[in-house]
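These notes are about the structure you will find just below.
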Amino acid sequence: MATIDVTETTFEQTVTGEGIVLVDAWASWCGPCRAFAPTFEAASEKHPDATFAKLDTEAHQGLAAALQIQSIPTLMIFRDGIMV
1 MATIDVTETT FEQTVTGEGI VLVDAWASWC GPCRAFAPTF EAASEKHPDA
51 TFAKLDTEAH QGLAAALQIQ SIPTLMIFRD GIMV
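Position 67 of the sequence shown, counted from 1, bears residue number 67 in UniProt numbering, the numbering being contiguous throughout.
So this is what it looks like as structure tokens:
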């Protein structure tokens, strides 16, 4: 399964579902984020049973602030709606 993009309107619905959801918080200007992107995409293809989501912290600064993201890349993992 390919990665999906999450926004302020889709984030909660995406992470509160059943199963495992991995969220990669990134920005286009972030070198380490760009380096990690192919690995995250490959993992999404290898593990179709999990949801792999990407959060553009520049485009969705309010959501990034609400999640208290202070550095990127940040990887968050949710299981059945609970951050682990």
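Using N, Cα and C, we set each Cβ at its ideal position, and we do this for glycine too. All figures in this text were calculated on a predicted structure; none of them were measured in a lab.
What's the C-alpha gap between residue i and residue j?
i: R79; j: A25; result: 17 Å
i: T9; j: T16; result: 13 Å
i: A53; j: V6; result: 6 Å
i: P32; j: V84; result: 23 Å
i: Q13; j: F36; result: 25 Å
i: L75; j: R34; result: 14 Å
i: W29; j: F11; result: 22 Å
Which residues in the same chain as residue i place their Cβ atom closer than 7 Å to its Cβ, once the five residues preceding and following it in sequence are excluded?
i: T57; result: A25, W26, A27, A64, I69 and I72
i: S44; result: M1, A2, T3 and F52
Mark residue i as exposed unless 16 or more other C-beta atoms lie within 10 angstroms of its C-beta, in which case mark it buried.
i: V23; result: buried
i: L55; result: buried
i: H47; result: exposed
Using 8 Å as the threshold, is the C-beta distance between residue i and residue j below it?
i: I20; j: A50; result: yes
Residues in the same chain with beta-carbon distance under 6 Å from residue i, minus the five sequence neighbours each way, listed in chain order, please.
i: E18; result: D80
i: I77; result: L22 and V84
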